[in-house]
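Each residue of the sequence shown is one higher than the one before, counting from 246 in the numbering used here.
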Amino acid sequence: MDIALDPFPRTGGVTTADALWMGVPVITLAGQRFIERHSASLLFAVDHGDWVAGSIGEYKEKVLTLAGDPARRRQLRATQREWMAASPLLDAEDLASQIEATFRQWWKKYLGKT
């Protein structure tokens, strides 16, 4: 597979992450509701907001541009996994720290120590 075309209005989630991990670029059309923006949030997290379209016309344009650039697709396949592994999306330590901080905040609020 050279390019993953994310369905709309209900976008991918795990399938988007799987494609990215395998070095396959994902083009998505972002809607207004969470279910329509899930793939967009993943793409922004791995610094590929340029693959997020705001209209059907832009979606087609992004697909055709990437389809016409085999060198870019080869480069993505070779580097995307490393890029994704270094992204905030897979930074488990940072995520755990953020969750801990949120729990502490909630606990302090519960105790009335805000």
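Glycine included, each C-beta is placed from N, C-alpha and C at the ideal position.
For residue i: DSSP bridge partner residues
i, result
"Thr273", "Val297"
Collapsed DSSP secondary structure at residue i in the structure displayed
i, result
"Ala249", "strand"
"Ala331", "coil"
"Gly360", "Any property of residue 360 remains undetermined from this structure, which presents the chain solely from 246 to 359."
"Asp336", "coil"
"Lys353", "helix"
"Lys307", "helix"
"Arg318", "helix"
"Arg278", "coil"
Buried versus exposed call for residue i [16 or more other C-beta atoms within 10 Å across all chains shown]
i, result
"Ser342", "exposed"
Where the alpha helix (DSSP H) containing residue i begins and where it ends
i, result
"Phe289", "283 to 290"
"Thr256", "Looking at the DSSP string, Thr256 is not in any alpha helix (DSSP H), and its letter there is neither H nor E."
Whether residue i touches residue j by CB criterion (8 angstroms)
i, j, result
"Trp328", "Val291", "yes"
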